[in-house]
Amino acid sequence: MPDQFGLILDGWTHMSEHYLGVFACYEVGRKVKTPLICMAPLMNEIDDDLSALAHREFLADMLPRDFGKQIDQCLFVVGGNCSVNQRLASLIGVPLIGCASHRLNRVVQQDLQSHEADLAAVHGLMIKLRTLTQSAKLSRLKTSLRPVIRQDTRWSSTFAMLHRYFKLLEHLDKDDDDVAELLPGPVCNRRLRKLLKELANVESVSKALQGSADLLDVREWFDGLIAMKPLYAHYLAPRADIVHSPDFESGCVRVLRGNSNRLTRTEKAVLQPFAASVAAAPESDDEESSSFGERLQKRRKLAQQEQKYVLIRSIPPTSNIVERFFSIARTTFGQERNSLQPATLEQILFLRQNASYWDVGTIDSLRS
Numbered sequence: 303m304p305d306q307f308g309l310i311l312d313g314w315t316h317m318s319e320h321y322l323g324v325f326a327c328y329e330v331g332r333k334v335k336t337p338l339i340c341m342a343p344l345m346n347e348i349d350d351d352l353s354a355l356a357h358r359e360f361l362a363d364m365l366p367r368d369f370g371k372q373i374d375q376c377l378f379v380v381g382g383n384c385s386v387n388q389r390l391a392s393l394i395g396v397p398l399i400g401c402a403s404h405r406l407n408r409v410v411q412q413d414l415q416s417h418e419a420d421l422a423a424v425h426g427l428m429i430k431l432r433t434l435t436q437s438a439k440l441s442r443l444k445t446s447l448r449p450v451i452r453q454d455t456r457w458s459s460t461f462a463m464l465h466r467y468f469k470l471l472e473h474l475d476k477d478d479d480d481v482a483e484l485l486p487g488p489v490c491n492r493r494l495r496k497l498l499k500e501l502a503n504v505e506s507v508s509k510a511l512q513g514s515a516d517l518l519d520v521r522e523w524f525d526g527l528i529a530m531k532p533l534y535a536h537y538l539a540p541r542a543d544i545v546h547s548p549d550f551e552s553g554c555v556r557v558l559r560g561n562s563n564r565l566t567r568t569e570k571a572v573l574q575p576f577a578a579s580v581a582a583a584p585e586s587d588d589e590e591s592s593s594f595g596e597r598l599q600k601r602r603k604l605a606q607q608e609q610k611y612v613l614i615r616s617i618p619p620t621s622n623i624v625e626r627f628f629s630i631a632r633t634t635f636g637q638e639r640n641s642l643q644p645a646t647l648e649q650i651l652f653l654r655q656n657a658s659y660w661d662v663g664t665i666d667s668l669r670s
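Right, here's the structure in full:
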């Protein structure tokens, strides 16, 4: 691990045990590396807790012990927008890049509350269509589509329910009193069609966040959603209250757009740890013959052109890598090896997640 790196972290609770998953983020030969460096329970003693201070102490002990690095060498933290992570970033003295997927989920959940009456009507209809009688009628109409109901914790299930509702609408028996009683009216359907179109745009952004993206991509996607629905600015705006380090994120966006020379004074200050040192060019004969003012102007232009920043393009805008890892951990721990000790579980998952960093030769070198 190089001297400059960032940390991507998230927590997972399973069977009364709270685990902290930590991935490192750094560059090697201009390639981004995100290995798993830790998955361990935080509470080992009676007086341990899950506070931000406990997280910092854990990281401050783990990094030098396992990797020979200090917590002060960490340049940024990526995680959920919770108060613990915000406090942790402040304790370390680094910017927090709040998970973009988390922000998107928060704003969509808030927006769906204003459509609760219409969504409840569709949900009730879908439950009715799942009964044996109604399922048989749908089968007789030669459609393989089946009703979909929503889940309270996942807005994507609401999108799936609405999408399926309008697919099934043409196949429903309007003369059936049980169905007709639950069918939403024309005005309600117009509102739901508009909501479905908005959720389709949000769904496309949500899927894009699961792939390879940087802070500039997220900013452009969020600005597009805000233009579609200004209400989303409450969570998605560059300086929304939920954003821990707005100057850092806006500075990164300027750099990624190639506008480093337009950074504000505050943005330059927060990006200073990422500034790459550039060797000063020797003065030429033409420069010595030029006037003092011309030399100063030329040096200023060269400084603007040569100022580069490291790691900014590699900063992930989400902590989805940790969430996907915990999904694997849940399967491994819950279905395959339910009696594993935390240390053994960490070793198995560490080797599986970091399979590209070791091979048979690595094992032979450790044995010899």
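Each residue of the sequence shown is one higher than the one before, counting from 303 in our numbering. Where is the CB? At the ideal position from N, CA and C, for every residue including glycine.
Using only CA atoms, which one of the options lies nearest to residue i?
i    : options                   : result
A402 : A542, K335, H316 and L565 : A542
G361 : C376, D350 and A419       : With the sequence shown as reference, residue 361 is identified as Leu, and Gly is not the correct amino acid for it. Ranking C376, D350 and A419 by Cα distance to L361 puts C376 first.
E418 : R615, V520 and D454       : D454
L338 : R332, Y328 and D478       : Y328
K335 : I429, T664, R615 and T646 : R615
K476 : L501, L440 and V520       : L440
R556 : D479, M317 and K610       : K610
P618 : F378, Y467 and I373       : F378
W457 : L434, S508, A482 and P449 : S508
V424 : S621, L497, G382 and V520 : L497
R332 : V612, V662, S629 and T634 : V612
K430 : R442, Q415, L311 and A482 : A482
G381 : T620, F652, Q649 and C340 : T620
A571 : S547, F594 and Y659       : S547
I544 : L398, Y467 and D666       : L398
Q643 : G595, L565, F307 and Y321 : Y321
R521 : V662, G553 and E359       : G553
L406 : E648, E500 and Q306       : E500
L653 : R495, Q306, M341 and F307 : M341
L447 : L474, L573 and G426       : L474
What's the C-alpha gap between residue i and residue j?
i    : j    : result
E505 : Q599 : 49 Å
V330 : P304 : 8 Å
L558 : L538 : 19 Å
F576 : G395 : 14 Å
I490 : F627 : The sequence as given places Cys at residue 490; Ile does not occur at that position. Taking the straight line joining both Cα atoms gives about 41 Å.
G560 : L309 : 25 Å
T433 : E472 : 19 Å
H316 : Q512 : 24 Å
G487 : A515 : 41 Å
R567 : H404 : 29 Å
L470 : D479 : 17 Å
R493 : D420 : 8 Å
W523 : R452 : 26 Å
V624 : V324 : 7 Å
D374 : T633 : 35 Å
M428 : K531 : 28 Å
K503 : D525 : The sequence given here has Asn at residue 503, not Lys. Straight-line Cα distance between these residues: approximately 12 Å.
Y267 : A657 : Here the chain has residues from 303 to 670 only, and residue 267 is not among them.
A364 : M345 : Going by the sequence as given, residue 364 is Met instead of Ala. If you take the alpha carbons of M364 and M345, they lie about 14 Å apart.
P540 : T646 : 42 Å
E551 : G400 : 10 Å
E673 : G313 : A question about residue 673 goes unanswered here, because the residues of the chain that appear run from 303 up to 670.
F594 : R367 : 53 Å
H465 : L485 : 15 Å
E569 : D661 : 43 Å
S667 : K371 : 23 Å
Is residue i helix, strand or coil when you go by DSSP?
i    : result
L497 : helix
E319 : strand
Q372 : coil
Q306 : coil
E327 : The question names Glu, but residue 327 is Cys in the sequence shown. Reduced to three states, the DSSP call for C327 is strand.
Q436 : helix
I617 : coil
D312 : strand
M685 : Because residue 685 is not part of the residues shown, which for the chain are 303 to 670, the question remains open.
P343 : strand
I650 : helix
K430 : helix
Q453 : strand
K335 : strand
A515 : coil
K610 : strand
G526 : helix
V481 : helix
I want to know whether the region 348–361 touches the region 372–391 - three or more CB-CB distances under 8 Å. In short, these stretches touch, since the Cβ pair count reaches three.
Between the region 456–468 and the region 404–422, do at least 3 Cβ pairs fall closer than 8 Å? Judged by Cβ distances under 8 Å, the region 456–468 makes contact with the region 404–422, as three or more pairs qualify.
Could you pull out every unbroken alpha helix (DSSP H) segment of at least 4 residues lying fully inside the region 533–558, listed in chain order? Within the region 533–558, the complete alpha helix (DSSP H) runs of at least 4 residues are 535–538 and 548–558.
Whole beta strand (DSSP E) elements within the region 362–423, 3-residue minimum: Complete beta strand (DSSP E) runs here, min 3: 376–381 and 398–400.
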